[in-house]
Structure formats: C-alpha cells, structure tokens
Amino acid sequence: MVERTSVQPRSFADSADDELLSYLASRSISRNFLVEIDQFFRSHPEIANCPEGYETIRVLNSSLPLEGYRYFLRGYTRPARYIDGVIKSEYFTLPANYTYHRLRTKVDPELVSFFEGFEYRWDIIDRIDMAVRGAIQALGTGQPVNPGWRRLICYAIWGNPVDAYKWYEYQLQEEYLPHRYLPEHVVLGHLPKFAGEAAAQPSSRNTSKRHMQVRYRMARANDEGIGAYLK
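8 is the number of the first residue of the sequence shown in our numbering; add one for each residue after it.
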C-alpha cells in the first residue's frame with residue numbers, strides 16, 4: 008500500500024488572483040473572507056488526516072483560485088463575510104412601501120452548487136421569503152426586530168441568496184427542518200470521533216442561548232443517527 012503523503016491547503020488570501028478578486032467584488036464579498044477560510048483550515052489541521060479531508064484539500068490545491076473557492080463554499084455552512092455596511096445587525100429602516108423581490112425569483116449559482124446532488128429546497132426558500140416579508144413589515148410599523156432577523160433582511164435584499172439560506176437554515180431558524188445537522192463545513196463531519204470525545208457542539212456565534220440549544224439538539228440528533236433527511 009502506498010502511504011499517503013501529507014498535504015497542506017493552499018492559502019486563499021495569498022493565491023487570490025484577479026479573477027477571484029473580481030468575483031468577490033461582484034458579490035460584495037470582503038477579501039478578508041479569504042483570510043477567514045485560511046483560518047478555518049489552520050484551526051482544523053486534522054482535516055488533512057482523514058480521506059475526505061485529504062481529497063478536499065487535494066481538489067482545492069489543484070484548482071484555479073476561483074474554482075477552489077467555489078468548491079470550498081459548496082460545503083461551508085456559514086454565510087460569506089461581506090464588505091462593511093452591507094450586512095447590518097443594528098437598527099435600520101427601509102423606504103415606505105418597500106417592494107421585496109423574493110429569493111424564489113433569483114438565480115444564484117452558488118446556491119445551485121450548494122444543493123448539487125440533493126433536493127433543491129424550495130420549501131425552505133419560501134419560508135425565508137415569508138420570514139423576510141414579515142420582518143420588513145415589522146420594521147415598517149416600528150415593531151422591534153432582533154439583530155438576527157435584521158441580518159436576514161440584509162442577506163435577502165443586499166446580499167446573495169446562498170447566504171440568506173445559510174444564515175436562516177444553520178444560524179437562525181428554530182425548528183428541526185428536514186435536513187441533517189451540518190457543522191461549520193461538511194468535511195468536519197467525516198473526522199473520526201475518538202473514545203470519550205464530547206458530543207458535537209453548535210458553532211454559531213453571537214446568538215441567543217435559546218438558539219444555541221436548538222443547534223445543540225440538532226447536533227445530538229445527527230450524532231445519534233437520527234438526522235439524515237427526515238421526511
């Protein structure tokens with residue numbers, strides 16, 4: 008048997024070319040998001056030691072920067088980091104009688120890629136549209152809207168549909184929707200669990216204790232073999 012050689016992931020921040028930077032700019036994504044991806048791999052060196060992680064890194068390293076970036080995002084469950092001022096948690100207002108253009112009417116290649124090989128979840132897209140319309144109406148009548156829902160409005164209006172989906176599905180919603188719990192990146196789900204290792208913990212940040220408990224229950228369901236695509 009040929010021993011697998013060690014492999015280190017490319018640095019997206021260092022290898023970014025004009026094509027990748029232009030793509031980020033077209034989607035209002037901050038260049039600092041590439042630094043965040045690099046930090047993700049530095050925080051999880053064990054990824055290179057499992058077959059799925061090794062293969063993921065191999066594909067990333069052998070692809071052009073933009074192709075590698077898009078490949079990584081297919082398994083990343085957090086929204087991208089936007090340039091300053093696009094995504095807001097603080098209070099803001101919208102023009103009176105603002106017309107919301109539904110996510111269902113938009114085509115986002117990244118969201119299409121995210122669902123590749125799985126059912127395209129129009130039902131969840133419709134839930135997001137309904138939630139955003141309700142939050143916009145609440146803003147318009149001066150009702151309080153918590154920071155998480157304000158961020159969802161921003162992703163849906165000024166961001167990209169894929170990030171509105173990821174924020175709602177993996178950080179915000181409080182139901183066990185029909186999907187398997189996913190960690191920060193799907194490749195982490197392939198890492199071997201060692202004896203005595205603690206149960207999976209939710210990775211969402213800056214969220215309420217209530218939401219953290221929901222994420223924890225979803226993680227436990229996955230660990231106990233309950234989770235895959237409940238219908």
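Every residue, glycine too, gets a C-beta built ideally from N, C-alpha and C.
* Asked: In three-state terms, what does DSSP make of His316?
  -> There is no way to answer for residue 316, as the model of the chain reaches only from 8 to 238.
* Name the two residues that bound the continuous alpha helix (DSSP H) containing Asn68. => Residue range 58-69 is occupied by the alpha helix (DSSP H) that includes Asn68.
* Asked: So which of Ser29, Asn68, Pro58 has the shortest CA-CA distance to Asp45?
  -> Measuring C-alpha to C-alpha distances from Asp45 to each of Ser29, Asn68, Pro58 identifies Asn68 as the nearest.
* Leaving aside the five residues before and after Leu73 along the sequence, list all residues of the same chain whose C-beta is less than 7 Å from its C-beta, in chain order. => Cβ within range, chain order: Glu26, Leu27, Tyr30.
* **Inter-residue Cα distance where the pair is Pro86 and Gly141** => Taking the straight line from one Cα to the other gives about 22 Å.
* Identify whether Ile36 lies in helix, strand or coil by the three-state DSSP scheme. => Strand.
* Asked: Hey, how far is the Cα of Asp24 from the Cα of Ile90?
  -> CA-to-CA, the gap between Asp24 and Ile90 works out to about 18 Å.
* **Assumed close pair Ile239, Leu101 - CB separation to whole angstroms, cut-off 8 Å** => No answer is possible for residue 239: the residues shown for the chain start at 8 and end at 238.
* Alpha-carbon spacing of Glu191 relative to Asn104, whole angstroms -> When only Cα atoms are considered, Glu191 and Asn104 end up about 37 Å apart.
* To do: Please go through the same chain and pick out, in chain order, the residues whose beta-carbon is closer than 8 Å to the beta-carbon of Glu123, but skip the five residues on each side of it.
  => Spatial neighbours of Glu123 in its own chain (CB-CB distance under 8 Å, excluding positions within 5 residues in sequence) are listed in chain order as Arg81.
* Report buried or exposed for Ser118, applying the criterion of at least 16 other Cβ atoms within 10 angstroms of its Cβ. => According to the sequence displayed, residue 118 carries Leu and not Ser. By the neighbour-count criterion, in which a residue is buried when 16 or more other Cβ atoms sit within 10 angstroms of its Cβ, Leu118 is buried.
* To do: Quick one: grab the DSSP three-state call for His108.
  => If DSSP states are grouped into helix, strand and coil, His108 belongs with coil.
* Asked: Tyr76 by DSSP, collapsed to three states: which one?
  -> Residue state, collapsed to three classes: helix.
* Which class does Tyr89 belong to by DSSP, given the choice of helix, strand or coil? -> Strand, per DSSP.
* Bridge partners - His192, DSSP secondary structure assignment -> Answer is Tyr83, bridged to His192.
* **Asp180 (DSSP reduced to helix, strand or coil)** => Asp is not the amino acid found at residue 180; the sequence shown has Gln there. Gln180 falls in the coil class under three-state DSSP.
* Asked: Among residues of its own chain, excluding the 5 on either side of Ser35, which ones have a beta-carbon nearer than 6 Å to its beta-carbon?
  -> Counting only Cβ-Cβ distances below 6 Å, and skipping sequence neighbours, we find Tyr89, Ile90, Val93.
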